[in-house]
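Under our numbering, the letters of the sequence shown match residues 6 to 252, in that order.
C-beta: ideal position from N, C-alpha, C; glycine also.
For clarity, every value in this text was computed on a predicted model and none was experimentally measured.
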Amino acid sequence: MTTLAILTAAGSGTRLGRDLPKALVELAGFPLVLHAARRLASSGVVDALVVTCPAGLDTAVRDVVAQDPHVDVPVRVVEGGATRQASVATGLALAGPDDDVVLVHDAARPLAPPLLVRRVAAAVRAGHRAVVPGLPVTDTVKQVAPPSPAGAGAAGGPDVERVVETPDRALLRAVQTPQGFDRALLERAHAQGAVRASAEGLAATDDAGLVEALGEAVHVVAGEEAAMKITTERDLLVARLLLEEES
Ligand code: CTP
Ligand code: MG
């Protein structure tokens, strides 16, 4: 009866555009992956940590995370895959028989607070086998038609997309990580996801999506603003402000 956290850090950070992978970019003097690992460890509900890292950087990431005195849980570092989904699958393969709960978290959300980690884990322990943190959406969201193969839009005009639907905003949630799962369910979801990825070339952007594809229920608990995702330089500025607010 233990909880394993998989911390994905194998992405390249293309949209951030630095000359090192996003997880190793520093925020207030520490790499993003270390911020995330410290908060997972200090939640008190994580028994062990697996970090997925970019190819060739396992030693560097191990030095950063496993040597840190604030990360007081066993840490394993493995090279991730070509997609986030493949990276999570690589981490999940290291789960032990006693790891009945698995949390999947992104180094790209370095400030997800320990209380959020506890909230997600508690919901899984309470019997919800797939749990995601989510926040209400403030923008009105439109679904647009998929791009037509012939190329859309009238010649010479601005690029336009056709709106298909406006979902009721009150029922939308912007979801974050850590996402929490019953290990057996997550393994089944990834096994099925791998079959679809090889057949259709599509990888899921989150783990809960793979569970939904099995037809299994996914539950939402309240998210936290601090669990914002770092994609661009602007997000790093916001994160710096949040950290200042925190201290
Ligand atoms: N990730 C991973 N393995 C991959 C791709 C992404 O472990 N092959 C991880 C990233 O390290 C990140 C999380 O998945 O913690 C979310 O991905 P994203 O924010 O897209 O990060 P990057 O893929 O690094 O950024 P970009 O898409 O801009 O290149
Ligand atoms: Mg990416």
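- Excluding five sequence positions before and after Gly228, the CB atoms of its chain that fall closer than 6 Å to its own CB belong to Pro138, Gly139, Leu140, Gln181, given in chain order.
- With a cutoff of 9 Å on beta-carbon distance, Ala117 and Arg188 are scored as not near each other.
- Listed as beta-bridge partners of His195 by DSSP are no residues whatsoever.
- Taken through DSSP and simplified to helix, strand or coil, His40 comes out as helix.
- Assigned with DSSP and collapsed to three states, Arg167 falls in coil, not helix or strand.
- A direct Cα-to-Cα measurement between Arg134 and Ala41 gives close to 23 Å.
- Between Val107 and Thr8, the CB-CB gap stays under 9 Å.
- Listed in chain order, the beta strand (DSSP E) runs fully inside the stretch 94-154 are 104-111, 135-141, counting runs of at least 3 residues.
- Under DSSP, Ala53 forms a beta bridge with Leu9.
- Remark: C-beta atoms of Leu215 and Ala194 approach each other more closely than 9 Å.
- Under the three-state reduction of DSSP output, Arg23 falls in the coil class, being neither helix nor strand.
- Thr88 and Thr145 have their C-alpha atoms roughly 29 Å apart.
- Beyond the five residues adjoining it in sequence on each side, Glu217 comes within less than 6 Å, by CB distance, of Val223 in the same chain, given in chain order.
- According to the DSSP assignment, Ala227 belongs to the beta strand (DSSP E) that extends over 224-227.
- Val142 is a Cβ neighbour of Ala179, given a cutoff of 9 Å.
- Sorting Val83, Pro26, Leu247, Gly185 by C-alpha distance to the C-alpha of Asp211 places Gly185 at the top.
- In this structure, Ala53 and Pro79 form a Cβ contact; the two beta carbons are roughly 5 Å apart against a cut-off of 8 Å.
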